[in-house]
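Chains as they are written, first to last, in our numbering: chain A, 6 to 407; chain W, 10 to 417. We put the beta carbon where it would ideally sit given N, CA and C, even for glycine. Remarks on the structure that follows.
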């Protein structure tokens with residue numbers, strides 16, 4: 006790749022003295038810019054400790070200050086949408102696990118909601134409760150991970166991350182017991198869920214959510230949330246203004262950190278979310294600290310929902326016995342199913358032509374869309390800020406690249 | 010020899026002097042040479058091993074802090090020893106790994122930097138008084154010499170950062186220079202009152218000046234037990250963390266930001282040498298901190314003098330190093346501008362104020378009696394704490410926990 010393809014506009018033969026273009030490969034290459042003078046261009050990623058997978062950002066630096074940032078993704082592209090258009094509706098469910106692999110349960114959920122709309126299927130009461138329970142569990146798992154990894158990006162040499170992962174592991178044990186897999190759950194089915202959780206499982210989840218998990222949250226709050234270095238590092242770093250966030254289509258905790266009240270659980274009240282009493286936290290600054298706090302506060306709210314769901318869950322079938330999964334052929338038409346996934350609005354858009362495969366299968370991935378705005382949040386900040394801003398966006402490359 | 014000197018202090022010193030006396034007096038230069046070589050060999054052996062076990066202790070302790078066991082697999086001849094043989098396995102690995110020199114590297118600088126990293130940090134060990142009779146080189150300007158040698162290690166980081174022709178290395182070199190120059194100043198400023206109090210730059214004389222006890226041998230006369238010494242010690246520890254690139258000031262190696270910083274293009278034994286240099290730097294600065302503020306090899310209580318002086322020094326040194334590890338397991342990393350701001354806007358002014366506090370303390374040395382002593386202490390503490398609170402408030406202006414609203 007020649008230098009001028011990396012940062013269009015800033016690196017052209019004309020900006021170099023005669024005879025020095027292309028630049029000598031043995032020198033550290035500087036980008037010349039008439040305003041800033043010589044700048045340093047760094048390709049952070051796809052192999053970098055804190056790009057959360059194979060994400061890459063081409064940054065142009067003036068000292069430590071970012072003057073240009075170009076996100077580059079697609080290294081993990083797996084042809085997900087085209088694959089799904091060539092297999093049956095049912096066979097796509099395990100593929101959706103691999104989108105946001107930290108929260109596969111919510112991926113399943115969004116997909117089955119779209120198919121249920123397309124095929125006009127209904128879910129029994131208990132099924133909805135189970136979905137809410139595992140969906141909120143996925144949110145807890147995801148936010149645990151995010152907080153841990155964000156603090157790791159802040160330079161804590163793994164300590165908070167490993168405590169987050171300890172809690173996540175305990176929740177994953179429960180998930181594994183229910184679904185058979187820690188991360189690739191493949192749990193939801195059209196018209197319900199694959200297995201009905203046993204009363205014993207529900208009781209143990211309840212014990213965990215009443216005891217150790219709130220303790221973990223309190224510990225995290227006590228030890229980290231008020232830490233002066235954390236405040237100094239995150240407050241004012243990577244500010245996202247609400248108007249820009251709305252225009253860019255940002256969703257999820259990132260949007261709410263900018264102060265925009267938009268939670269699909271409240272807006273669309275899909276599934277049975279209208280039955281639960283929970284609040285939506287909102288930030289006022291839209292900086293990294295607000296995004297961190299959104300996750301912390303949302304975990305408290307998720308706990309509330311889980312407690313209510315575990316208290317109210319009715320008996321009965323968890324899956325509609327009449328719902329047909331195998332060989333499903335929805336009538337021609339289209340449907341868009343969306344949920345409030347841990348990372349934002351996760352939507353599946355399906356068009357059926359009456360055949361066993363969807364004619365068109367399109368995903369609205371929250372972390373991909375949330376990522377597009379990275380440059381606006383990072384310009385004028387330092388490299389260190391860019392890293393934590395990226396960390397607070399909460400991306401999973403499986404979902405970004407699909 | 011004083012009456013209270015431990016037998017384990019005096020006996021080896023006497024025997025060693027007797028052995029040196031075997032060399033005829035007309036060969037004084039040979040005597041000097043042998044004694045110097047013995048000192049060098051001892052320092053390399055003792056601190057080489059201390060380095061090795063510090064690395065494994067750090068990894069084990071980090072493991073415990075992080076709810077995991079840490080390295081515990083290495084066994085030699087079937088003995089596992091809780092993983093404490095790990096450094097030997099690490100050494101074998103480092104030695105047998107391929108040494109990769111990037112094609113674009115400045116090969117000479119790339120080679121010299123790791124050698125310099127160990128060399129310059131080792132120089133400082135010459136002037137540290139390890140025990141009552143154990144100052145390898147009792148220079149009149151020992152403290153000055155230590156910092157001169159330490160300053161050269163900044164050059165080494167810049168050499169390493171520049172020579173690899175790696176952008177992350179270059180960023181790290183920039184950060185390292187800004188950081189080290191910023192924190193050199195507070196480090197030196199807090200040493201000045203110690204020199205003022207002892208009236209000398211010689212390290213062993215500084216330790217001797219902290220000898221003696223009050224209250225029937227219970228309260229030692231260490232510098233850290235004065236208002237200026239306490240403040241100076243705290244500033245010294247912060248600056249020492251920054252000087253040795255330790256968390257929360259590990260910006261030159263900020264893994265999550267610039268990969269491995271100046272070490273990005275190093276592998277194999279050269280990397281191990283940097284590692285060694287870094288730990289020697291920590292041990293050296295901790296040793297100096299012990300010497301300047303914690304009474305060096307002096308025992309904390311008079312009745313504890315039966316324990317040999319070098320053991321006291323070792324205990325204080327190890328405690329210091331463990332504290333560094335604890336900090337690493339706990340804290341987050343600062344940003345480069347916050348770090349330099351901390352140095353210039355907080356530590357340097359406080360260091361200057363501390364000079365005044367030290368002067369006040371020494372001027373009022375004749376104040377006797379518990380009441381006047383309490384007045385001295387309170388005045389000294391107020392003199393340092395009020396500027397600290399004011400400066401700290403301006404530094405953290407606008408930061409703080411927030412209240413969050415909820416949507417209806």
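Out of the options, point me to the one whose CA is closest to residue i's CA.
| i | options | result |
| --- | --- | --- |
| residue 221 of chain A | A:275, A:191, A:174 | A:174 |
| residue 126 of chain A | A:101, A:196, A:386, A:167 | A:196 |
| residue 358 of chain W | W:87, W:279, W:403 | W:403 |
| residue 5 of chain W | W:220, W:274, W:341 | Absent from the structure is residue 5 of chain W, since the part of chain W shown begins at 10 and ends at 417. |
| residue 303 of chain W | W:88, W:92, W:231 | W:231 |
| residue 246 of chain A | A:288, A:224, A:102 | A:288 |
| residue 133 of chain W | W:117, W:111, W:291 | W:291 |
| residue 285 of chain W | W:383, W:93, W:129 | W:129 |
| residue 327 of chain A | A:383, A:121, A:51 | A:121 |
| residue 92 of chain W | W:121, W:64, W:119, W:378 | W:64 |
| residue 301 of chain W | W:261, W:275, W:249, W:283 | W:249 |
| residue 93 of chain A | A:385, A:364, A:370, A:369 | A:364 |
| residue 334 of chain W | W:145, W:256, W:104 | W:256 |
| residue 316 of chain A | A:87, A:53, A:211 | A:211 |
| residue 408 of chain W | A:231, A:176, A:244, A:51 | A:231 |
State yes or no: is the C-beta of residue i within less than 8 Å of the C-beta of residue j?
| i | j | result |
| --- | --- | --- |
| residue 299 of chain A | residue 286 of chain A | yes |
| residue 349 of chain W | residue 187 of chain W | yes |
| residue 38 of chain W | residue 141 of chain W | no |
| residue 389 of chain W | residue 195 of chain W | no |
| residue 255 of chain A | residue 375 of chain A | yes |
| residue 404 of chain A | residue 373 of chain A | yes |
| residue 429 of chain A | residue 159 of chain A | For residue 429 of chain A there is no data in the structure shown, the boundaries of chain A being 6 and 407. |
| residue 283 of chain A | residue 318 of chain A | no |
| residue 155 of chain W | residue 136 of chain W | yes |
| residue 178 of chain W | residue 270 of chain W | yes |
| residue 1 of chain A | residue 104 of chain A | Residue coverage of chain A in this structure runs from 6 to 407, which leaves residue 1 of chain A outside it and unanswerable. |
| residue 323 of chain A | residue 135 of chain A | yes |
| residue 378 of chain A | residue 249 of chain A | yes |
| residue 79 of chain A | residue 406 of chain A | yes |
| residue 120 of chain W | residue 289 of chain W | no |
| residue 236 of chain A | residue 165 of chain A | no |
| residue 242 of chain A | residue 386 of chain A | yes |
| residue 173 of chain W | residue 274 of chain W | yes |
| residue 333 of chain A | residue 108 of chain A | no |
| residue 336 of chain A | residue 257 of chain A | no |
| residue 165 of chain W | residue 211 of chain W | no |
| residue 355 of chain W | residue 234 of chain A | no |
| task | Kindly provide the ranges of any alpha helix (DSSP H) runs that are 4 or more residues long and lie completely inside the region 85-109 of chain A, ordered along the chain. | result | 85-89, 97-102
| request: Could you tell me whether the region 316-331 of chain W touches the region 153-168 of chain W, using the rule of 3 or more Cβ pairs below 8 Å? | output: no
| Cβ-based contacts, 8 Å cut-off: residues of the region 63-91 of chain W near chain A | 71, 74, 75, 76, 77
| said: Ignoring anything shorter than 4 residues, give me the alpha helix (DSSP H) runs that lie fully in the region 110-158 of chain A, in order along the chain. | reply: Whole alpha helix (DSSP H) segments, 4+ residues: 130-158.
| task | Could you name the residues of the region 299-319 of chain A whose beta carbon sits closer than 7 Å to any beta carbon of chain W, in the order they occur along the chain? | result | Correct list: 302.
| request: Using a Cβ-Cβ cut-off of less than 9 Å, give me the residues of the region 240-260 of chain W that come near chain A, in sequence order. | output: 256, 257, 259, 260
| request: With 9 Å as the limit, tell me which residues of the region 72-85 of chain A have their beta carbon closer than that to any beta carbon of chain W; keep them in chain order. | output: none
| field | Every unbroken alpha helix (DSSP H) within the region 70-157 of chain W, with a cutoff of 4 residues, ordered by chain | value | 95-105, 116-132
| message | To be precise: take each residue of the region 323-344 of chain W, compare its Cβ to all Cβ atoms of chain A, and keep it if any distance is under 9 Å. Which residues remain? | response | 337, 338, 339, 340, 341, 342, 343, 344
| query | Which residues, taken in chain order from the region 224-250 of chain A, show a beta carbon closer than 9 Å to some beta carbon of chain W? | reply | 228, 229, 230, 231, 232, 233, 234, 235, 236, 237, 238, 240, 241, 242
| request: Select from the region 365-390 of chain A all residues with a C-beta closer than 9 Å to any C-beta belonging to chain W, and list them in chain order. | output: 387, 388, 389, 390
| request: Residues of the region 57-73 of chain A with a CB closer than 8 Å to any CB of chain W: list them in chain order, please. | output: For the region 57-73 of chain A, the beta-carbon criterion of a distance under 8 Å to any beta-carbon of chain W is satisfied by 66, 68, 69.
| query | Does the region 103-119 of chain A come within contact of the region 353-373 of chain A, defined as at least 3 CB pairs closer than 8 Å? | reply | yes
| query | Can you find at least 3 beta carbon pairs, one from the region 236-250 of chain W and one from the region 365-375 of chain W, that sit closer than 8 Å? | reply | yes
| How about the region 182-196 of chain A and the region 33-47 of chain W: do they share at least three Cβ pairs that are nearer than 8 Å? | no
| task | Taking only beta carbons into account, state which residues of the region 152-173 of chain A come closer than 8 Å to chain W, listed in chain order. | result | Interface annotation for the region 152-173 of chain A against chain W: 156, 157, 158, 159, 160, 161, 162, 163, 164, 167, 168, 171, criterion Cβ-Cβ distance under 8 Å.
| request: Name, going along the chain, the residues of the region 127-144 of chain W whose beta-carbon falls closer than 7 Å to a beta-carbon of chain A. | output: none
| Using 8 Å as the threshold, is the region 139-155 of chain A in touch with the region 387-407 of chain A, meaning 3 or more CB pairs across them? | yes
| query | Can you list the alpha helix (DSSP H) stretches of 4 or more residues lying completely in the region 350-409 of chain W, in chain order? | reply | Look at the region 350-409 of chain W and you find these whole runs of alpha helix (DSSP H), each 4 residues long or longer: 357-372, 379-404.
| query | Listed from N- to C-terminal order along the chain, which residues in the region 281-292 of chain A have their beta-carbon within a distance smaller than 9 Å of any beta-carbon of chain W? | reply | Under the 9 Å Cβ criterion, the region 281-292 of chain A contributes 284, 285, 286, 287, 288, 289, 290.
| message | I'd like the ranges of any beta strand (DSSP E) spanning at least 3 consecutive residues and lying wholly in the region 44-79 of chain A. | response | Listed in chain order, they are 61-67, 70-77.
| query | Counting Cβ pairs closer than 8 Å, one from the region 53-62 of chain A and one from the region 377-395 of chain A, do we hit at least three? | reply | yes
| said: Is it the case that the region 47-61 of chain A contacts the region 388-396 of chain A, given that we only count it when at least three CB pairs across the two stretches are under 8 Å? | reply: yes
| query | Do the region 18-26 of chain W and the region 61-80 of chain W make contact, defined as three or more Cβ pairs closer than 8 Å? | reply | When Cβ pairs closer than 8 Å are counted between the two stretches, the region 18-26 of chain W is seen not to touch the region 61-80 of chain W, the count staying below three.
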